[in-house]
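Participant: Residue numbers (this note's numbering): 40 to 416.
The beta-carbon is built from N, C-alpha and C at its ideal position, and this holds for glycine as well.
Remember, predicted model here, so these are calculated numbers, not experimental data.
Let me give you the structure first, and then I'll get to my questions.
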Amino acid sequence: MRAIVTGQIGVDKKPFLEEVCNTAGERGSAIDIFNVGSMMYDEAPDVRAGRILDLPLSRLASLRRAAFKDIISESSPVEEHPNIIVNTHATFRWRHGLFSAFDFDQMSLLKPDMMICLVDNVETVHHRLHQEHDIDAKLKDCMVWREEEILATELLANAMGCHDQFYILSRGRQNDNIETCMRLVTRPDLRKVYPSFPMSHVVDKPDVLKEIDDFRASIAEHFIAFDPADVDEKLLLDLALDAARNGEDWIRLEEHTFGGRKDSSPQKVSVMDVLDIAGDIDGQIYMRDFKLIDQSEMIISFIPELEGGVPGLSSGVERELHHAWEHTKEVYVVWKPAKAPSPFITETATKIFPTVDDALGYFEEQGMFAQRNLFGH
Numbered sequence: 040m041r042a043i044v045t046g047q048i049g050v051d052k053k054p055f056l057e058e059v060c061n062t063a064g065e066r067g068s069a070i071d072i073f074n075v076g077s078m079m080y081d082e083a084p085d086v087r088a089g090r091i092l093d094l095p096l097s098r099l100a101s102l103r104r105a106a107f108k109d110i111i112s113e114s115s116p117v118e119e120h121p122n123i124i125v126n127t128h129a130t131f132r133w134r135h136g137l138f139s140a141f142d143f144d145q146m147s148l149l150k151p152d153m154m155i156c157l158v159d160n161v162e163t164v165h166h167r168l169h170q171e172h173d174i175d176a177k178l179k180d181c182m183v184w185r186e187e188e189i190l191a192t193e194l195l196a197n198a199m200g201c202h203d204q205f206y207i208l209s210r211g212r213q214n215d216n217i218e219t220c221m222r223l224v225t226r227p228d229l230r231k232v233y234p235s236f237p238m239s240h241v242v243d244k245p246d247v248l249k250e251i252d253d254f255r256a257s258i259a260e261h262f263i264a265f266d267p268a269d270v271d272e273k274l275l276l277d278l279a280l281d282a283a284r285n286g287e288d289w290i291r292l293e294e295h296t297f298g299g300r301k302d303s304s305p306q307k308v309s310v311m312d313v314l315d316i317a318g319d320i321d322g323q324i325y326m327r328d329f330k331l332i333d334q335s336e337m338i339i340s341f342i343p344e345l346e347g348g349v350p351g352l353s354s355g356v357e358r359e360l361h362h363a364w365e366h367t368k369e370v371y372v373v374w375k376p377a378k379a380p381s382p383f384i385t386e387t388a389t390k391i392f393p394t395v396d397d398a399l400g401y402f403e404e405q406g407m408f409a410q411r412n413l414f415g416h
């Protein structure tokens, strides 16, 4: 597949995507990577690192066109370079305001098959952005930029005729979606799955969380999984609300991973800045989760049993199941509670299983799993 991968500055796509290509190479599926930003700097040795976006737009466009001209040439013919990743951006929101980062004529010559917009937690993006650039941006700015990047990438996919191969993908906390990204590019025929499970109201139930984590790992092992928990800004908002109730001005996040590099120094996040984006967090979760379902072929929902035999069925999970059913996705439910599911579950589910193992056994019988030897593990 010829994939264009976009994402706002601060997502730090380059090390993530290089690891994707390294992993693919180790598995016997070579991916050629082209980092547009690095290629533009190569074209402009007079420009200091981190300052290229401060250039006049005319020169910036000229450097970008030169980089894409080289990519088009070096990635041809397609038969000799079947799998490529072009690491670029769809938009920039910088001192020049908002502007696009691509040219339709060159994109048409490149003939992409797939568009991926890489995303990450907003506080992580904000931290990277200010570590690497001299810019004053709030969390709100990063949220807006992310929405713009997703929308512009989707519009570009529409224009290039590959809307059915447009994906939103999170890096995950520890770059744990390297496997997912690699499979998207090298094995797009694999089943794409949205794993659904309760989140916010089980955070204080370690046994249930362990069940959910095991379920998520099983799905990620066998499918291309678009996991909604890979971006967990709702937890950031919960921390901010707790801090505000305690009269605190800052949240301290002790350890993060930035671009594959551990940063153990505490990260301070303004409580007020987080509260200012409370509506954006909820709105983007709503939008993004439905888009993750839309880009999947099937939804697999895990419903744990809580104390007293109560089903761990959140309103969010119910809404996801209904959305998937209405959009003609395959809907599978792992129902752990002793209490029988309601008609709102049974009448909208393709199949219901009592355990994860039962579900996995069925999927294997149906030939839905990845062929393990193709991935070398």
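Who are the near neighbours of A63 in its chain, counting only those whose CB is closer than 6 Å to its CB and skipping five residues on each side?
Facilitator: Closer than 6 Å at Cβ, skipping near neighbours: I70, M221, T225.
Participant: Out of D246, I391, S235, K375, state which residue places its alpha-carbon closest to the alpha-carbon of S354.
Facilitator: Cα-wise, what sits closest to S354 is S235.
Participant: For G406 and P267, I'd like the C-alpha separation in whole angstroms.
Facilitator: Using only the alpha carbons, I get a separation of about 25 Å.
Participant: Is F236 helix, strand or coil by DSSP?
Facilitator: If DSSP states are grouped into helix, strand and coil, F236 belongs with coil.
Participant: With a threshold of 16 other CB atoms inside 10 Å of the CB of L233, please say whether the residue is buried or exposed.
Facilitator: Strictly speaking, residue 233 in this sequence is Tyr, with Leu absent from that position. Buried, since its Cβ has 16 or more Cβ neighbours within 10 Å.
Participant: Would A140 and R103 qualify as a contact pair, given that the criterion is a beta-carbon distance under 8 Å?
Facilitator: The answer is yes: Cβ separation under 8 Å.
Participant: Does DSSP put T394 in a helix, a strand or coil?
Facilitator: Of the three classes helix, strand and coil, the one that applies to T394 here is coil, per DSSP.
Participant: Using DSSP bridges, identify the partner residues of G136.
Facilitator: For G136, which the question treats as bridged, DSSP gives the partners W133.
Participant: Starting from the Cα of I48, find the closest Cα among N197, P350, L157, I338 and give me that residue.
Facilitator: The shortest Cα separation from I48 among N197, P350, L157, I338 belongs to L157.
Participant: So is V370 in contact with chain D if we call contact Cβ pairs under 8 Å?
Facilitator: You won't find chain D in this structure, because it holds only one protein chain.
Participant: Between L345, F408, D396, V356, which has its C-alpha nearest A388's C-alpha?
Facilitator: A388 has its Cα closest to that of V356, out of L345, F408, D396, V356.
Participant: In the DSSP assignment, find the unbroken alpha helix (DSSP H) run with E186 in it and report its ends.
Facilitator: That run of the alpha helix (DSSP H) goes 178-198.
Participant: Does the stretch 174-184 come into contact with the stretch 111-126, if we say contact requires no fewer than three beta-carbon pairs (one atom in each stretch) closer than 8 Å?
Facilitator: The stretch 174-184, when compared against the stretch 111-126, does not touch it at the 8 Å Cβ threshold.
Participant: Measure the alpha-carbon distance for E404 versus E260 and round it to whole angstroms.
Facilitator: Going from the Cα of E404 to the Cα of E260 covers about 16 Å.
Participant: Straight-line CA distance for A418 to S68?
Facilitator: With the chain covering only 40 through 416, there is no way to say anything about residue 418.
Participant: Could you tell me which residues DSSP pairs with Y206 in its beta bridges?
Facilitator: Per DSSP, I155.
Participant: Leaving out five residues before and five after P121 in sequence, what residues of the same chain have Cβ atoms less than 6 Å from its Cβ?
Facilitator: None.
Participant: Report buried or exposed for K368, applying the criterion of at least 16 other Cβ atoms within 10 angstroms of its Cβ.
Facilitator: Looking at its Cβ environment, which holds 16 or more other Cβ atoms inside 10 Å, K368 is buried.
Participant: Could you tell me if P191 is buried or exposed, where buried requires 16 or more neighbouring beta carbons within 10 angstroms of its beta carbon?
Facilitator: With the sequence shown as reference, residue 191 is identified as Ala, and Pro is not the correct amino acid for it. Result: buried.
Participant: Between D243, I189, F341, which lies nearest to R255 when the distance is taken from Cα to Cα?
Facilitator: Checked all of D243, I189, F341; the closest Cα to R255 is F341.
Participant: Here's a check: name, in chain order, each residue in its chain whose Cβ is nearer than 6 Å to the Cβ of F107, leaving out the five neighbours to either side.
Facilitator: Only Q145 meet the Cβ criterion.
Participant: Does Q306 come out as helix, strand or coil in the three-state DSSP assignment?
Facilitator: Q306: strand per DSSP, three-state reduction.
Participant: Which one or two residues does DSSP pair with S71 in a beta bridge?
Facilitator: One point to set straight first is that residue 71 is Asp, not Ser, in the sequence displayed. For D71, which the question treats as bridged, DSSP gives the partners I123.
Participant: How is the beta strand (DSSP E) around T45 delimited, first residue to last?
Facilitator: Here the beta strand (DSSP E) through T45 covers 41-45.
Participant: Going by beta carbon distance, what residues of the same chain come within less than 6 Å of F262, once the five residues before and after it are set aside?
Facilitator: Hits under 6 Å: R230, V232.
Participant: For the alpha helix (DSSP H) containing M326, name the first residue and the last one.
Facilitator: Where M326 is concerned, the enclosing alpha helix (DSSP H) stretches over 317-333.
Participant: Can you name the residues that DSSP bridges to R291?
Facilitator: BP columns for R291 point to K307.
Participant: For L360, count neighbouring C-beta atoms within 10 Å of its own C-beta (all shown protein chains included) and say buried if the count is 16 or more, exposed if not.
Facilitator: Label assigned to L360: buried.
Participant: Would you kindly check if the distance between the Cβ of L178 and the Cβ of V313 is under 8 Å?
Facilitator: Yes; because the gap between Cβ atoms is below 8 Å, this pair is in contact.
Participant: With distances taken from CA atoms, which of G200, R41, T45 is nearest F118?
Facilitator: The sequence given here places Glu at residue 118; Phe does not occur at that position. Checked all of G200, R41, T45; the closest Cα to E118 is R41.
Participant: According to DSSP, is I111 helix, strand or coil?
Facilitator: Helix at I111.
Participant: Taking E65 as part of the alpha helix (DSSP H), name the residues at either end of that continuous run.
Facilitator: Taken as a continuous stretch (DSSP letters only), the alpha helix (DSSP H) holding E65 covers 52-65.
Participant: What's the call for I365, buried or exposed, on a 16-neighbour Cβ count within 10 Å?
Facilitator: Contrary to the premise, residue 365 reads as Glu rather than Ile in this sequence. Per the 10 Å Cβ criterion, exposed.
Participant: Let me know the secondary structure DSSP gives E260 once reduced to three states.
Facilitator: Helix at E260.
Participant: To which residues does DSSP link P350 through a beta bridge?
Facilitator: The partner list for P350 (beta bridge, DSSP) reads E344.
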